[in-house]
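Residue numbers (UniProt numbering): 1 to 264.
Positions of the beta carbon are idealized from the N, C-alpha and C atoms, including for glycine.
Fair warning: this is a prediction, and the values are worked out from it, not measured in the lab.
First comes the structure, then the notes that go with it.
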């Protein structure tokens with residue numbers, strides 16, 4: 001695999017770059033601070049740490065938004081992150097809202113993907129409800145690896161005002177988290193969006209993050225062909241092609257919804 005890790009100097013440079021980015025976005029919007037969802041996972045934990053470093057704890061509001069499929073451990077970790085950072089936080093159960101949606105449209109009951117995405121979109125509604133009420137921006141917690149293959153919910157966790165760690169591959173997220181002092185049990189934790197029971201990111205993607213990062217660096221974001229990438233990484237060409245396909249098919253998630261070109 002390709003080693004995407006930064007040097008210590010590069011880590012500090014990224015840390016300063018991201019915290020300045022957060023400050024600049026808040027200043028440009030004339031906002032009073034930021035809101036972010038805390039899942040107990042590494043991405044939101046790192047963004048929380050960087051946001052507090054950039055703005056101070058008083059300017060950061062964390063939302064813990066559990067559903068029936070959320071594990072007690074992850075929700076406990078999310079609350080622990082808020083306590084460690086000494087930020088204002090609220091715990092809001094989202095399942096009653098999801099139940100209302102399914103009551104109105106029962107045909108979707110049992111559809112893991114549709115209902116899971118609905119949970120992500122309900123969380124986005126709460127993020128913006130609080131952000132609008134408090135004149136804050138919503139910080140995204142998505143990383144470069146997941147964005148590249150469309151591993152996020154459109155208008156769900158993708159519905160944010162900016163993506164502070166959107167330029168970091170997953171392996172770099174874990175590395176920077178350790179650099180800024182995130183506890184090791186959180187930095188090394190298995191990633192899961194918890195959109196349904198027992199879901200993990202790598203199982204759903206069908207590939208490890210190390211392999212995904214390496215294919216993105218060398219082929220999707222890099223210059224190597226499918227064949228050269230497979231040879232370099234010692235992975236099947238079919239795996240490289242599958243990642244490329246995920247990237248191509250998810251392009252619509254990474255761009256503003258299109259409209260027809262103006263007629264002359």
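Residue interval of the beta strand (DSSP E) (run including residue i)
i	result
residue 90	88-91
Under the three-state DSSP convention, the category residue i falls into
i	result
residue 62	strand
residue 137	strand
residue 240	helix
residue 35	strand
residue 167	coil
residue 109	coil
residue 256	coil
C-beta atoms of residue i and residue j nearer than 9 angstroms
i	j	result
residue 55	residue 92	no
residue 87	residue 60	yes
residue 45	residue 81	yes
residue 169	residue 143	yes
residue 127	residue 37	yes
residue 22	residue 50	yes
residue 8	residue 179	yes
residue 102	residue 145	no
residue 158	residue 209	no
residue 253	residue 108	no
residue 29	residue 161	yes
residue 69	residue 97	no
Rounded Cβ spacing between residue i and residue j (contact assumed at less than 8 angstroms)
i	j	result
residue 72	residue 19	The Cβ separation is near 32 angstroms, so there is no contact.
residue 77	residue 186	6 angstroms
residue 123	residue 156	7 angstroms
residue 34	residue 137	5 angstroms
residue 135	residue 24	About 17 angstroms separates the two Cβ atoms, so there is no contact after all.
residue 226	residue 244	7 angstroms
residue 75	residue 40	6 angstroms
residue 119	residue 67	5 angstroms
residue 240	residue 229	5 angstroms
residue 131	residue 85	Contact flag wrong, Cβ pair sits at about 18 angstroms.
Element boundaries [alpha helix (DSSP H), containing residue i]
i	result
residue 81	72-85
residue 49	42-55
residue 21	8-29
residue 179	170-179
residue 203	201-205
residue 144	144-148
residue 67	Unbroken run through residue 67: none, as it is neither H nor E.
residue 104	95-104
residue 227	226-233
residue 211	209-215
residue 159	Looking at the DSSP string, residue 159 is not in any alpha helix (DSSP H), and its letter there is neither H nor E.
residue 185	184-187
Does the count of Cβ pairs from the segment 99-116 and the segment 203-221 closer than 8 angstroms reach three? Touching, no.
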